[in-house]
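Remarks on the structure that follows.
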Amino acid sequence: MMSSAGDTQDEAAGPEEELLPGVDILLEVFPTCSVEQAQWVLAKARGDLEEAVQMLVEGKQGPPAWYGPNQDLPRCLRGPQKDELKSFILQKYMMVDSAEDQKIHRPMAPKEAPKKLIRYINNQIVSTKGERFKDVQNPEAEEMKATYINLKPATKYRFH
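When the letters of the sequence shown are read in order and numbered with full-length UniProt numbering, they come out as residues 1 to 160.
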């Protein structure tokens, strides 16, 4: 009984070693096929190269999902790259107004209050130079500026 169990283990190890040359041939014939796919198809065909090639050509193989890194897949099987992503989405949905898409929307600048321009003071024209309006500063503001005290002392610049 034990010898038969040992024989099945040897037989299981044997086909894997025999599949390696067949996998190389399959990869030469089908460069877009990955190593795992070639091994799976060859195992499904029980080592028969002609049957494995027939399965790959007809596309009848239903291999399990390949969880390998995305870089190992050929470019046609990978998803679109970052550069191609926008054009891919536009081709797929194609309901984008190109003029509206090119326009850059920026927020509006805040509106500033216009300066107060005075034409008359005490029923007399402010300017005698022919200007219609004049920007008049309050004389009280000038007096207030004279009373301000600078709380920070002047810094002394010393060169060492």
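We put the beta carbon where it would ideally sit given N, CA and C, even for glycine.
No experiment lies behind these values; they were computed from the predicted model shown.
Put residue i into one of helix, strand or coil per three-state DSSP.
| i | result |
| --- | --- |
| Y93 | helix |
| T155 | coil |
Can you give me the Cβ contacts of residue i inside the same chain, cut-off strictly under 6 Å, excluding the 5 residues immediately before and after it?
| i | result |
| --- | --- |
| C33 | none |
| K103 | none |
Using a Cβ-Cβ distance under 8 Å, would residue i count as near chain B?
| i | result |
| --- | --- |
| E100 | This model lacks chain B altogether, as it is built from one protein chain only. |
If contacts are defined as beta-carbon pairs under 8 Å, then residue i and residue j qualify, I think. What distance do you get, rounded to the angstrom?
| i | j | result |
| --- | --- | --- |
| A38 | V23 | 5 Å |
| V41 | L56 | 6 Å |
| A52 | L26 | 6 Å |
Using a Cβ-Cβ cut-off of 7 Å (strictly less than) and excluding sequence neighbours within five positions of residue i, which residues of its own chain qualify?
| i | result |
| --- | --- |
| residue 168 | Outside the displayed range of the chain (1 to 160) lies residue 168, so it cannot be described from this structure. |
Please list the segments of the alpha helix (DSSP H) lying wholly inside the UniProt domain "CUE" (18-61), counting only runs of 4 or more residues, in order along the chain. 35-44 and 49-58
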